[in-house]
Amino acid sequence: MTRITLRDGDWPDPPASPEAAPFVEAAREGRFLLRRCTACGKAHWYPRALCPFCLGETAWEEASGNGTIYSFTVLTREDPVRTVAYVTLAEGPTMLTSLVECDAQALAIGQPVRLVFARSRNGTPVPCFRPADPSASPRS
Ligand SMILES: [Zn+2]
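All residue numbers for the sequence shown refer to this note's numbering, where the first residue is 35 and numbers rise by one.
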């Protein structure tokens with residue numbers, strides 16, 4: 035079993051930008067924000083001022099933090115071992131992220147996951163995902 039833990043400081047600092055400031059502020063309070071188009075209604079990741087689908091205006095909204103693993107790889111030659119994954123959010127967008135707090139051999143495509151914030155070296159929240167608590171959201 036290869037246990038992958040959530041270690042603060044393992045992530046490089048995201049570049050600071052005025053556009054990302056509301057996301058970072060909310061994340062510091064444990065809230066995960068997405069942007070959704072006010073014209074076509076689609077959510078997207080990463081957050082953009084203009085909709086990537088129709089170029090309409092977009093607005094922040096709080097996301098559920100629920101998703102499923104779309105694809106992943108375990109970087110076994112890294113020390114510590116870590117993952118790179120695409121997670122499809124309940125709101126629709128698929129995002130590049132890392133899976134943490136998990137057993138690398140027990141990960142599976144389609145597995146329900148839940149958002150957890152790790153901290154970069156300077157303390158900026160970085161959105162990661164861990165397997166969803168089976169008692170909280172049972173698999174069908
Ligand atoms: Zn749109």
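We put the beta carbon where it would ideally sit given N, CA and C, even for glycine. Quantities reported herein were computed from a predicted structural model and do not represent experimental measurements.
Taking just the CA atoms, how far does PRO52 sit from GLU95? The residue labelled residue 95 in the question sits at position 61 within the sequence shown. The residue labelled residue 52 in the question sits at position 18 within the sequence shown. Taking the Cα positions, GLU95 is about 17 Å away from PRO52.
What's the C-alpha gap between THR39 and ARG164? Counted from its first residue, the sequence shown places residue 39 at position 5. Counted from its first residue, the sequence shown places residue 164 at position 130. The straight-line gap from Cα to Cα measures roughly 9 Å.
Hey, is CYS74 close to ligand 1, as in C-beta under 6 Å from one of its heavy atoms? Here residue 74 corresponds to residue number 40 of the sequence shown, with the count starting at 1. Within the cutoff, so yes.
Should PRO172 be labelled buried (16 or more other beta-carbon atoms within 10 Å of its own) or exposed? Sequence index remark: in the sequence shown, residue 172 carries index 138 (1-based). Summary for PRO172: the model assigns pLDDT 45, below 50, so the residue's position carries little reliability, and this model does not support an answer.
Leaving aside the five residues before and after ARG65 along the sequence, list all residues of the same chain whose C-beta is less than 7 Å from its C-beta, in chain order. The residue given as residue 65 occupies position 31 in the sequence shown. The residues are GLU96.
Would you check whether ligand 1 has a heavy atom nearer than 6 Å to the C-beta of CYS88? Working through the sequence shown from its first residue, we reach residue 88 at position 54. Yes, the beta carbon of CYS88 sits closer than 6 Å to at least one heavy atom of ligand 1.
Tell me whether VAL115 sits in a helix, a strand or coil according to DSSP, three-state version. Taking the sequence shown and counting its residues from 1, the one referred to as residue 115 is at position 81. Here VAL115 sits in coil by DSSP.
Give the secondary structure of PHE66 by DSSP, where H, G and I count as helix, E and B as strand, and everything else as coil. Locating residue 66 in the sequence shown gives position 32, counting from the first residue. If DSSP states are grouped into helix, strand and coil, PHE66 belongs with coil.
How should ARG37 be labelled, buried or exposed, when 16 other C-beta atoms within 10 angstroms of its C-beta is the threshold for buried? Residue 37 sits at position 3 when you count from the first residue of the sequence shown. By the 10 Å Cβ count, ARG37 comes out exposed.
Rounded to the nearest angstrom, how far is the Cβ of ASP115 from that of VAL134, given a contact under 8 Å? Within the sequence shown, the letter at position 81 stands for residue 115. Within the sequence shown, the letter at position 100 stands for residue 134. Here residue 115 is Val; the residue named in the question, Asp, does not match the sequence. About 11 Å separates the two Cβ atoms, so there is no contact after all.
Going straight from the alpha carbon of LYS123 to that of ARG155, what length do you get? Position 89 of the sequence shown holds residue 123. Position 121 of the sequence shown holds residue 155. This sequence places Leu at residue 123; Lys is not what is there. About 26 Å.
Burial state of SER98 (16 or more Cβ within 10 Å): To locate residue 98, count along the sequence shown from 1; it is residue 64. Exposed is the label assigned to SER98, since fewer than 16 other Cβ atoms lie within 10 Å of its Cβ.
State yes or no: is the C-beta of ALA166 within less than 7 Å of the C-beta of PRO146? Taking the sequence shown and counting its residues from 1, one reaches residue 166 at position 132. Taking the sequence shown and counting its residues from 1, one reaches residue 146 at position 112. With a cutoff of 7 Å on beta-carbon distance, ALA166 and PRO146 are scored as near each other.
Let me know the secondary structure DSSP gives ALA50 once reduced to three states. Sequence index remark: in the sequence shown, residue 50 carries index 16 (1-based). In the three-state DSSP reduction, ALA50 falls in the coil class, being neither helix nor strand.
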